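I have placed the structure first, in the form of structure tokens, so that the comments after it can refer back to it.
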Amino acid sequence: MSRMLLFPGQGVQSVGMGRDLAEGLPECRALFDRAGGILGFDLLKLCTEGPIEELTKSCHTQPAIFTVSVAAQTALAHFAGGALPAAGAAGHSLGEWAALHVAGVVSFDDAVGVLKARGQYMQEACEATPGGMLTVIGLPLEQVKAVAAASGLEVANLNSPVQTVLSGPADRLADGEAAAKAAGAKRALRLAVAGAFHSSLMQPAADRLAERLREVEFRPPAFPVWSNVTGQPHTDPETIRRRMVEQVVTGVRWTDGYAGMVAAGMTAAFECGPGTVLAGLGKRMAPEVPVRGIFDLAGAREAATLFAGP
Numbered sequence: 049m050s051r052m053l054l055f056p057g058q059g060v061q062s063v064g065m066g067r068d069l070a071e072g073l074p075e076c077r078a079l080f081d082r083a084g085g086i087l088g089f090d091l092l093k094l095c096t097e098g099p100i101e102e103l104t105k106s107c108h109t110q111p112a113i114f115t116v117s118v119a120a121q122t123a124l125a126h127f128a129g130g131a132l133p134a135a136g137a138a139g140h141s142l143g144e145w146a147a148l149h150v151a152g153v154v155s156f157d158d159a160v161g162v163l164k165a166r167g168q169y170m171q172e173a174c175e176a177t178p179g180g181m182l183t184v185i186g187l188p189l190e191q192v193k194a195v196a197a198a199s200g201l202e203v204a205n206l207n208s209p210v211q212t213v214l215s216g217p218a219d220r221l222a223d224g225e226a227a228a229k230a231a232g233a234k235r236a237l238r239l240a241v242a243g244a245f246h247s248s249l250m251q252p253a254a255d256r257l258a259e260r261l262r263e264v265e266f267r268p269p270a271f272p273v274w275s276n277v278t279g280q281p282h283t284d285p286e287t288i289r290r291r292m293v294e295q296v297v298t299g300v301r302w303t304d305g306y307a308g309m310v311a312a313g314m315t316a317a318f319e320c321g322p323g324t325v326l327a328g329l330g331k332r333m334a335p336e337v338p339v340r341g342i343f344d345l346a347g348a349r350e351a352a353t354l355f356a357g358p
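The end of the sequence shown is residue 358 by the numbering used here, with every number in the run present.
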């Protein structure tokens with residue numbers, strides 16, 4: 049069995065996330081304590097008690113989701129006997145940092161510090177130029193591209209063959225919504241996000257992130273990690289460094305990456321972190337590949353029996 053790990057992105061946060069993991073395993077609690085020391089506030093308290101308004105701020109939610117995701121993977125490793133012979137990993141947007149960490153590319157401490165900064169940079173870019181995102185469901189990509197071009201938006205996330213997310217200025221979202229519906233989309237829904245992520249409006253954040261990443265050591269991945277930017281496995285450390293800057297302003301090629309994982313022999317996937325968004329996308333793209341969500345101890349314990357199987 050070829051087992052691969054998946055890590056979710058921003059938007060899956062909820063008050064209470066990580067509580068069961070931190071209370072049940074000392075090694076998971078240690079991750080929250082360590083992250084809190086780097087961030088300068090009690091991360092576990094924010095995750096478990098909120099308020100949601102503070103948890104949702106990009107500078108908080110990015111390191112928070114990362115830490116919960118790594119804690120979920122740590123719990124899976126604990127119940128699997130301490131070793132995770134993963135054949136590969138991928139993360140959606142923010143989640144790519146968790147995938148890189150578990151593959152040994154970046155340290156936990158570096159990732160937490162980077163994500164605090166990344167979240168702050170993106171938050172400030174959102175405040176400088178109001179923007180938003182629009183999910184279009186039920187249209188093929190070429191039609192969605194036409195909708196984007198006609199309405200002044202950009203293609204941000206290729207989530208599945210029938211689900212694409214557009215991003216751009218706040219005053220163009222209504223045009224995009226109307227154009228998508230006129231083209232025959234089943235649904236066109238505005239996302240509850242702070243700004244136009246994965247678009248050119250995030251260029252100021254990308255420029256600042258490039259400077260910040262000069263301080264971070266990147267190492268070769270211990271196993272393949274699929275890139276959001278290319279939809280292909282990452283290669284050398286310096287290319288990864290560049291890709292993680294580009295990722296802020298370019299579309300997430302999740303459809304291509306997931307197809308690549310399936311083509312590479314993925315027979316089971318484990319979504320480590322809050323929510324089951326990636327499991328839902330995976331079931332629609334490759335229903336023959338089971339995807340297990342791991343966000344608490346019970347899920348980690350059950351998944352470990354499958355991960356350790358033949």
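Ideal Cβ positions, reconstructed from N, Cα and C, are used throughout, including at glycine.
In this text the structure is predicted, and so the values were computed from the model without any measurement.
The beta strand (DSSP E) enclosing residue i, as first and last residue numbers
| i | result |
| --- | --- |
| Q61 | No beta strand (DSSP E) contains Q61, which DSSP labels as neither H nor E. |
| F318 | A316 to C320 |
| R235 | R235 to R238 |
| R220 | That residue, R220, is in no beta strand (DSSP E); it is neither H nor E in DSSP. |
| L206 | E202 to S208 |
| V339 | V339 to I342 |
| G139 | G136 to G139 |
Burial state of residue i (16 or more Cβ within 10 Å)
| i | result |
| --- | --- |
| R51 | buried |
| I342 | buried |
| R235 | exposed |
| I288 | buried |
| T353 | exposed |
| Q280 | exposed |
| P269 | buried |
| G59 | buried |
| A348 | buried |
| S117 | buried |
| E144 | buried |
| A176 | exposed |
| S155 | exposed |
| D262 | What sits at residue 262 in the sequence shown is Arg, not Asp. Exposed is the call here. |
| G408 | Only positions 49 to 358 of the chain appear in this structure, which leaves residue 408 out of reach. |
| G85 | exposed |
| P217 | buried |
| A346 | exposed |
| A173 | buried |
CA-to-CA distance, residue j to residue i, given in whole angstroms
| i | j | result |
| --- | --- | --- |
| Q295 | V277 | 6 Å |
| V150 | M333 | 25 Å |
| C107 | L142 | 12 Å |
| V264 | G161 | 10 Å |
| R238 | V203 | 14 Å |
| A125 | K229 | 45 Å |
| A317 | R301 | 18 Å |
| H282 | F89 | 33 Å |
| Q191 | S215 | 15 Å |
| V241 | G180 | 6 Å |
| E71 | G64 | 12 Å |
| A194 | A120 | 40 Å |
| A196 | R82 | 42 Å |
| T104 | A312 | 35 Å |
| G224 | V273 | 33 Å |
| G98 | Q110 | 14 Å |
Beta-carbon spacing of residue i, residue j below 8 Å
| i | j | result |
| --- | --- | --- |
| I113 | P322 | yes |
| A137 | L53 | yes |
| R77 | T96 | no |
| R231 | L187 | Strictly speaking, residue 231 in this sequence is Ala, with Arg absent from that position. Contact: yes. |
| L73 | A123 | yes |
| F127 | C320 | no |
| A233 | I185 | yes |
| M170 | M250 | yes |
| T115 | L91 | yes |
N- and C-terminal bounds of the alpha helix (DSSP H) containing residue i
| i | result |
| --- | --- |
| A176 | F156 to A176 |
| A253 | Q251 to L261 |
| T115 | S106 to F127 |
Proximity winner among the options, relative to residue i (alpha-carbon distances)
| i | options | result |
| --- | --- | --- |
| L182 | V162, M170, L206 and A173 | L206 |
| A198 | R220, P209, P178 and T212 | R220 |
| R166 | A119, S208, F245 and L257 | L257 |
| V213 | G232, A226, A231 and H246 | H246 |
| A244 | M292, T298, L261 and R349 | T298 |
| V153 | R267, W274 and T324 | R267 |
| A351 | R260, E225, W274 and G129 | G129 |
| M314 | T177, L163, V337 and I185 | V337 |
| A159 | A120, T104 and R260 | R260 |
| D344 | G200, L69 and A83 | L69 |
Residue-chain proximity (residue i, chain C), Cβ-Cβ < 8 Å
| i | result |
| --- | --- |
| N276 | The chain inventory of the structure shown lacks chain C, comprising one protein chain alone. |
Cβ-heavy atom distance, residue i to the ligand ZN, below 7 Å
| i | result |
| --- | --- |
| V297 | Summarising the ligand content, the structure contains no ligands, and the ligand ZN is consequently not present. |
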